[in-house]
Each structure stands twice: as C-alpha cells, then as structure tokens.
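Peer 1: Numbering (UniProt numbering), first residue to last: 1 to 132. By construction, the Cβ of each residue, glycine as well, lies at the ideal position given by its N, Cα and C atoms.
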C-alpha cells in the first residue's frame, strides 16, 4: 500500500499501540511510517547492511513531507550498496558537530581576559597545594 498525504493525516494510534510498539504502516521500498501511542508520526527507513536489518529515522511528519521522506529513503537505500552504513554517517556527523561546538565554546571561554586570570590563579594554587 502506498501512502498518501491525506491517509497519513487521518492515521491515529489504535488500541494495540503501546509506548514500545507503534503502529507500522509501509509505503514500500523500505519506507515505513510509525504511528506512536501519542499520535506522533515518524518516517523510518529499513535497510540491510552487512547482512543485518537496521532502521534509520528520517524525520517526523508533518515537518518532513511524504515526498521528502521518500527522497531520503532513496538516499539511505543507496549507501549500503556502496559499503556505507547510514546510521554511522549520521553518528559521525553528530560527533563532528558537537566537536565544533566544544571548540567554539573553548576558544570563547579561554579567550576572555577574566577567565585567563582565573586560570592563572587556579594553576598557582594547584602547584602550591601540590608542593605542600
């Protein structure tokens, strides 16, 4: 069954839906729509990498449209064929982004004259207590 925008809008969680087991509706080609017990709708791509079936969340509906989810699903499906795990790519991007945030914070904090003076005092106190 191929999903449509109207059908997605009408979907509601049923009585079997629990916090750990959402309703799963297939769009075909490995794209699924998970309807959670709260009513939240999430697009999930199911792919196979190194002989294991894996899931990657594309985004929430309606922030991510059906057409965008299908396009993301196509990209995700291409990556395992090239030997790339889409989940690892996303994880590495997140790590790289968080490294940049820390680097920026670090430079701003240490670059401030007040903090430089505090560090000098802290180092002096550390060595005094270390020598005692």
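Return the Cβ separation of residue 13 and residue 37 in integer angstroms, given the expectation that the two are a contact with Cβ distance under 8 Å.
Peer 2: The count along the chain shown starts at 1 and reaches residue 13 at position 13. The count along the chain shown starts at 1 and reaches residue 37 at position 37. Residue 13 to residue 37, Cβ: 5 Å. Contact.
Peer 1: Which value, in whole angstroms, describes the spacing of the CA atoms of residue 76 and residue 89?
Peer 2: On the chain shown, residue 76 is found 76 positions in, with the first residue counted as 1. On the chain shown, residue 89 is found 89 positions in, with the first residue counted as 1. One C-alpha to the other measures close to 10 Å.
Peer 1: Going by C-alpha to C-alpha distance, which of 116, 23, 67 sits closest to residue 6?
Peer 2: Here residue 6 corresponds to residue number 6 of the chain shown, with the count starting at 1. Considering only alpha carbons, the answer is 67.
Peer 1: Mind checking which residues open and close the beta strand (DSSP E) that includes residue 55?
Peer 2: Within the chain shown, numbered from 1, the residue matching residue 55 stands at position 55. Looking at the DSSP string, the run of the beta strand (DSSP E) that includes residue 55 is 52-61.
Peer 1: Alpha carbon to alpha carbon, how far is residue 115 from residue 32? Give it in angstroms, no decimals.
Peer 2: In the chain shown, the residue the question calls residue 32 occupies position 32. In the chain shown, the residue the question calls residue 115 occupies position 115. Roughly 51 Å between the two C-alpha positions.
Peer 1: Check whether the Cβ atoms of residue 41 and residue 47 lie closer than 8 Å to each other.
Peer 2: Along the chain shown, one-based indexing puts residue 41 at 41. Along the chain shown, one-based indexing puts residue 47 at 47. For residue 41 and residue 47, no; Cβs fall outside 8 Å.
Peer 1: Going by DSSP in three states, residue 76 sits in which element: helix, strand or coil?
Peer 2: Position 76 of the chain shown, counting from 1, holds the residue named residue 76. Of the three classes helix, strand and coil, the one that applies to residue 76 here is helix, per DSSP.
Peer 1: With distances taken Cα to Cα, identify the nearest neighbour of residue 30 among 56, 23, 39, 125.
Peer 2: Mapped onto the chain shown, residue 30 falls at position 30. Ranking the options by Cα distance to residue 30, first place goes to 56.
Peer 1: Grab the span of the beta strand (DSSP E) containing residue 25 for me, first residue to last.
Peer 2: To locate residue 25, count along the chain shown from 1; it is residue 25. Residue 25 -> beta strand (DSSP E) spans 23-28.
Peer 1: Return helix, strand or coil for residue 41, following the three-state DSSP convention.
Peer 2: Looking up residue 41 in the chain shown gives position 41. Strand, per DSSP.
Peer 1: What is the DSSP secondary structure of residue 84, reduced to helix, strand or coil?
Peer 2: Residue numbering aside, residue 84 sits at position 84 when the chain shown is read from its first letter. Coil, per DSSP.
Peer 1: Put residue 18 into one of helix, strand or coil per three-state DSSP.
Peer 2: By one-based count along the chain shown, residue 18 stands at place 18. The answer is strand: DSSP assigns residue 18 an E or B state.
Peer 1: For the alpha helix (DSSP H) containing residue 6, list its first residue and its last residue.
Peer 2: The sequence position of residue 6 within the chain shown is 6, counting from 1. Start and end: 5-10.
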